[in-house]
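Below is one structure, written out as structure tokens; the observations come after it.
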Amino acid sequence: MPEQLALNQRRQGSARLRYVLPVVVALPFAAVIAVFAVVAQARPQITTSTAALARVTLPTGGGRITRVVAIGGRERQVIPVRLQGNQIVPAERLPAGERLTVQVTVSRPGWISWLAGKTEQVQVSETTPAPKIVSTFLTRPAAGPLTVSFTAPVVEVGAGQAGTPIATRLLAAPVRSFALSETASAGTADVALAARAWEIPTQTAVSWFPAGTSATAVASPSPGTNITPGTKITLTFSKPVANVLGSRLPPVRPSGSGSWLHLNAHTIQFVPHGYGYGIGASVQIALPAGVNLVGGTSHGADPVGQWTVPFGSFLALQQLLAKLGYLPVTFHPAAGATDVASTPAAEEALIVHPPQGTFSWRYPNTPARLKALWSPTGDTELTRGAVLAFQQTHGMVTSGLATAPVWKAMINAAVHNQVSTFGYTFVMVSETLPENIKVWHNGRIVVQGLVNTGIPASPTALGTYAVYEHIPVGTMSGTNPNGTPYHDTGIPWISYFNGGDALHGFIRASYGFPQSLGCVEMPFSEAGQVYPYTPIGTIVNIVS
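For my numbering, add 2 to where a residue sits in the sequence shown, where the first one is 1.
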């Protein structure tokens with residue numbers, strides 16, 4: 003019995019030990035699991051967000067965001083961002099469809115940092131949404147609004163004239179369609195949309211047409227509007243281009259100004275080349291008979307779209323003439339103005355949008371009489387004289403008018419740096435006795451002497467005139483004040499400046515008082531010295 007009791011006690015002790023040992027062994031594992039749980043809860047989380055770039059969830063045990071970096075774009079540049087609570091939003095608008103990586107560094111509290119680390123960095127990558135228009139080719143319904151649908155919800159949308167910046171508005175809730183306010187049966191408009199409030203809206207052209215079998219074409223920009231020399235003209239047809247035009251694309255005037263591109267089955271675009279249409283051009287595109295061109299006119303049976311390239315302003319003309327050396331001034335662009343390559347398109351852009359800046363006198367000792375005639379924006383005789391001089395230099399008809407061919411020739415001269423090498427002359431004639439002439443050229447008086455102007459019955463008109471004809475010798479004919487005719491041959495060194503009035507040589511017994519019939523007469527030797535300085539375009543100023 004004692005032996006049996008001892009055996010039972012040993013058996014009971016062994017059983018208790020079997021139960022205690024697993025508990026003792028399990029305690030360290032439970033502690034490890036608890037530690038892992040604490041560490042897991044101490045880790046920050048970052049996820050994408052429909053309202054922001056990313057959303058950060060801080061550790062359960064606490065923590066704070068100490069650094070946020072966003073990197074994106076093709077060149078992987080740092081993008082400015084800011085925190086709004088636990089949301090990370092860009093500090094500036096971003097384009098749609100841009101690949102981004104957002105990195106966040108979180109600092110933990112002391113007791114957790116001892117266990118899980120003082121800081122931790124998490125990141126997430128995403129591509130900014132880029133919703134598109136389901137169809138850019140619409141048929142106007144018989145009733146109800148003209149509706150544009152999107153491939154994904156958008157929170158910002160707007161519509162307006164094609165090719166112009168569109169004003170958008172934020173919506174109270176995302177939408178997948180938008181009703182245009184357009185009432186025309188056919189047309190083109192641009193629709194701008196963004197999936198998030200901080201994205202740059204993307205702008206897409208949408209065209210619509212009436213239901214039916216007739217072919218309709220919509221042009222952008224609309225016919226009848228002003229365009230620039232380099233404006234692309236887009237034609238969108240209600241039927242496939244091949245069905246409407248066959249293999250023959252529409253003729254464009256001015257011819258040779260560009261070429262057609264096929265954008266899609268329904269759309270073609272005319273792209274100007276080189277000088278494009280040119281300043282002051284009238285642009286025409288003719289379509290086959292039977293096509294309804296919205297906003298077009300008719301030329302016989304053919305519909306025609308017409309656009310106008312306006313002439314440059316007087317300021318633009320003065321800047322270009324100054325650049326070419328045909329004015330006594332130099333133009334200085336305002337500080338910060340961007341230098342542009344001297345190409346036809348760049349020069350035309352300067353004409354369409356003249357840069358800000360100032361003019362200064364090119365030469366020292368500029369006469370006050372010449373300064374008083376200058377205006378950077380006005381249609382003055384100085385401008386006409388500069389155009390005349392340019393036309394003469396480049397073998398053009400000397401009209402003094404800045405026509406479309408003249409603008410093109412001036413742009414070509416600017417592109418090839420064909421500046422005037424003659425300089426600038428200003429002729430001053432005074433009718434105060436003794437009558438005299440002073441020829442100022444490039445900063446100094448080069449010729450001066452006595453002259454004869456018109457008698458009271460046939461006076462020399464006061465004013466400012468540009469020389470329009472320049473011949474070494476000629477015949478002058480007319481009628482004397484008493485009605486008798488005159489016919490003088492062999493008159494030397496003639497520079498006509500006002501009707502029949504001219505600077506020229508004429509033999510008189512004396513000079514310095516009125517003797518002519520309106521001309522400014524000089525001795526032959528003096529006229530010979532003046533003549534080389536008075537080519538076509540030279541300004542002659544007559545004062546009393």
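For glycine and all other residues, C-beta sits at the position ideal for the given N, C-alpha and C.
None of the values given here were measured: they were computed from a predicted structure.
- DSSP places LYS440 in the uninterrupted beta strand (DSSP E) bounded by 438-443.
- Linking HIS418 to PRO256 through their CA atoms gives a straight-line distance of about 23 Å.
- The way I'd put it, the region 318-333 doesn't touch the region 290-310; fewer than three beta-carbon pairs between them come closer than 8 Å.
- Within the region 350-433, the complete alpha helix (DSSP H) runs of at least 4 residues fall at 370-373, 383-395, 406-417.
- DSSP assignment within the region 257-302 yields the following whole beta strand (DSSP E) runs of 3 residues or more, N-terminal first: 260-266, 269-274, 284-288, 299-301.
- Judged by pairs of C-beta atoms under 8 Å, the region 177-187 touches the region 147-154, as three or more such pairs exist.
- Taking a cut-off of 8 Å on C-beta distances, the region 428-445 touches the region 530-542, as three or more cross pairs fall below it.
- Beyond the five residues adjoining it in sequence on each side, TRP409 comes within less than 8 Å, by CB distance, of GLY280, ILE281, GLY282, PHE313, GLY314, ILE353 in the same chain, given in chain order.
- Beyond the five residues adjoining it in sequence on each side, ARG142 comes within less than 8 Å, by CB distance, of LEU148, SER187, ALA188, TRP210, PHE211, PRO212, ALA213 in the same chain, given in chain order.
- Burial state of ASN543 is buried, judged by a 10 Å Cβ sphere holding 16 or more other Cβ atoms.
- Annotation for PRO131: ALA98, ALA154, ALA197, ARG198 place their beta carbon closer than 7 Å to its own, counting only its chain and skipping 5 residues before and after.
- GLY507 has MET524 as its beta-bridge partners, per DSSP.
- For PHE316, the enclosing alpha helix (DSSP H) starts and ends at 316-325.
- Distance from the CA atom of VAL220 to the CA atom of GLY258, rounded to whole angstroms, is 23 Å.
- Taking 8 Å as the cut-off, the beta carbon of ILE457 is found no closer than this to the beta carbon of MET478.
- In chain order, ALA56, ARG57, THR59, VAL126 place their CB closer than 8 Å to the CB of THR49, counting only its own chain and leaving out the 5 sequence neighbours on each side.
- Secondary structure at ASN500: strand, using DSSP grouped into helix, strand and coil.
- Beyond the five residues adjoining it in sequence on each side, HIS396 comes within less than 6 Å, by CB distance, of ALA411 in the same chain, given in chain order.
- Setting aside the 5 residues that flank it on each side, THR360 is surrounded in the same chain by HIS334, each with a C-beta closer than 6 Å to its C-beta; the list follows chain order.
- The straight-line gap separating the alpha-carbon atoms of VAL246 and ALA415 is approximately 42 Å.
- Excluding its 5 nearest sequence neighbours in each direction, ARG66 has C-beta neighbours in its own chain below 6 Å: SER109, listed in chain order.
- Leaving aside the five residues that flank LEU173 on each side, the residues in its chain whose CB is nearer than 8 Å to its CB run, in chain order, VAL156, VAL157, GLU158, VAL159.
- Annotated three-state conformation of TYR533 is helix, per DSSP.
- In the DSSP annotation of this structure, VAL469 is not part of any alpha helix (DSSP H), being labelled neither H nor E.
- By the 16-neighbour rule on beta-carbons within 10 angstroms, HIS472 is buried.
- Residue environment analysis places PRO46 among the buried positions, since at least 16 neighbouring C-beta atoms fall within 10 angstroms of its C-beta.
- Per DSSP, the unbroken beta strand (DSSP E) holding LEU102 starts and ends at 101-109.
- It is roughly 20 Å from the alpha-carbon of THR129 to the alpha-carbon of GLN123.
- Contact between THR138 and THR206 is confirmed by a C-beta separation of about 6 Å, below the 8 Å threshold.
- Under DSSP, GLU128 forms a beta bridge with LEU102.
- Excluding the 5 residues flanking it on each side, ALA324 has same chain C-beta neighbours closer than 7 Å at VAL331, THR332, PHE333, PHE361, in chain order.
- Annotated as distal: THR185 and ALA164, with beta-carbon spacing of 8 Å or more.
- Under the three-state reduction of DSSP, VAL70 is assigned to strand.
- Residue pairing for ARG171: DSSP places it in a beta bridge opposite VAL159.
- If you draw a straight line from the Cα of GLY445 to the Cα of GLY380, it is about 24 Å long.
- Counting only the Cα atoms, THR170 lies some 31 Å from GLN105.
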